[in-house]
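> I'd like to ask some things about the structure below.
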Ligand SMILES: *Cc1c(COP(=O)(O)O)cnc(C)c1O
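In the working numbering, the protein residues as written are 1 to 346.
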């Protein structure tokens, strides 16, 4: 007889052989441009803290004051006794920022995607998902039990053919706006017309666009001039906004439905007061200091063109993250190790 967990060691060894086994690096401080790693200062080039807000003194103060005023924990789920005026204040601020009637907070962007997709479609429905969507969208599609149709990356024509070929009770099209791995932009105007023509709901994930794109930093929907014309706008507070949590913004009836149907909202303890207070402060800073997003976008473009001029394959960034394609995973892992020797964590 083998020990019940014997398979874990075998599976880890398989990952090791494939060069796919991973372990976290451990930092000794906050997400600053330079961080301390095992006693060395290194440049941090792989954080989603795009605007430098995660360690901003104003966000730290807001988090501390929210803890002092509202407690270290939020005690219960939102529908039981976990809702405070602080939560409602952030939901109002997010709705205004996104130009939507209402917004709903979740404890993370991951939970926002999983809960929202599974609340909007189910058995007898169909969900259409770009092949390079974030893992939380993929998991939401699976959990929904709707029929999942994956369409080729950024190909609205293929999506339209799939919609025409797939009748269903309800149909939801879901896409990242700025793709998390490839850093490119979804063709939002085309996707919105395809959905409009075919009576499908459109859901967009603005995780990497919130705080960076659009005249007021609301995201790719604002940049494309589509404010108010996308049914479901999801975003996260944990990247450019420097805090933690996720949200969905849209029409009043959508948000009210999610409040009653999204299991990751209903059965999850309300977002932590410190994170909520910090996110509210981040939204204020976003309005007051537009130079932050301009500088982040400029820095990303400058870095991408510099790396390209060294002969690497780099696609121009739509926002602040972009991939450098170096070849198979073991070469990428080796390059990352070499860069760390040179003082860059990426
Ligand atoms: C990071 C990310 C999420 C998850 O957000 P968290 O708040 O970190 O849970 C969802 N979608 C995309 C595209 C992301 O990049």
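Using N, Cα and C, we set each Cβ at its ideal position, and we do this for glycine too. The model shown is predicted, which means the values in this text are computed figures rather than measured ones.
Is residue 113 near ligand 1, in the sense that its beta carbon is under 7 Å from a heavy atom of that ligand?
yes
> May I ask which residues mark the beginning and end of the alpha helix (DSSP H) holding residue 80?
It is not in any alpha helix (DSSP H) - residue 80 carries neither H nor E in the DSSP assignment.
> Of all the options 79, 323, 317, 312, which has the alpha carbon lying nearest to the alpha carbon of residue 260?
Of the candidates 79, 323, 317, 312, the residue whose Cα lies closest to the Cα of residue 260 is 79.
> Should residue 12 and residue 240 be called a contact, given that it needs their Cβ atoms to be closer than 8 Å?
Not a contact, by the Cβ cut-off of 8 Å.
> Who's in the neighbourhood of ligand 1, going by beta-carbon under 5 Å from any heavy atom, listed in chain order?
108, 109, 110, 134, 136, 176, 180, 205, 207, 236, 238, 246
> Measure the alpha-carbon distance for residue 33 versus residue 278 and round it to whole angstroms.
20 Å
> Quick check: what's the CA-CA separation for residue 18 versus residue 97?
45 Å
> With a Cβ-Cβ cutoff of 8 Å, do residue 435 and residue 144 count as a contact?
Residue 435 lies beyond the residue range present for the chain, which begins at 1 and ends at 346; the question has no answer from this structure.
> For residue 206, count the other beta carbons within 10 Å of its own beta carbon; 16 or more makes it buried, fewer makes it exposed. Which is it?
With 16 or more neighbouring CB atoms inside 10 Å of its own CB, residue 206 falls in the buried class.
> For the candidate residues 266, 176, 46, 340, whose alpha-carbon lies nearest to that of residue 230?
176
> Between the alpha carbons of residue 20 and residue 323, how many angstroms are there, rounded?
18 Å
> With a threshold of 16 other CB atoms inside 10 Å of the CB of residue 46, please say whether the residue is buried or exposed.
exposed
> Going by DSSP, which residues form a beta bridge with residue 144?
Partner(s): none; residue 144 has no beta bridge.
> Quick one: grab the DSSP three-state call for residue 264.
helix
> Counting only runs of 4+ residues fully inside the region 65 to 130, write out the alpha helix (DSSP H) ranges in chain order.
Fully enclosed alpha helix (DSSP H) runs of 4 or longer: 85 to 98, 109 to 120.
> Would you kindly check if the distance between the Cβ of residue 119 and the Cβ of residue 258 is under 8 Å?
yes
> Under 8 Å by Cβ, that's how I've got residue 125 and residue 168 pegged, so tell me the actual separation to the nearest angstrom.
Contact holds; Cβ gap of about 5 Å.
> Mapping DSSP to helix, strand and coil, what is residue 159?
In the structure shown, residue 159 sits in a helix (DSSP, three-state: H, G or I).
> List the DSSP bridge partners of residue 40.
37
> Give the DSSP-derived three-state secondary structure of residue 14 in the structure shown.
helix
> With a threshold of 8 Å, are at least 3 pairs of Cβ atoms found where one atom belongs to the region 197 to 217 and the other to the region 63 to 70?
No, the region 197 to 217 does not touch the region 63 to 70.
> Exposed or buried, residue 312, counting other C-beta atoms within 10 Å across all chains shown (16 or more means buried)?
exposed
> Would the region 73 to 91 count as touching the region 262 to 276 if we require 3 or more Cβ pairs under 8 Å?
yes
> Out of curiosity, what's the CA-to-CA distance linking residue 251 and residue 325?
For residue 251 and residue 325, the distance between alpha carbons rounds to 40 Å.
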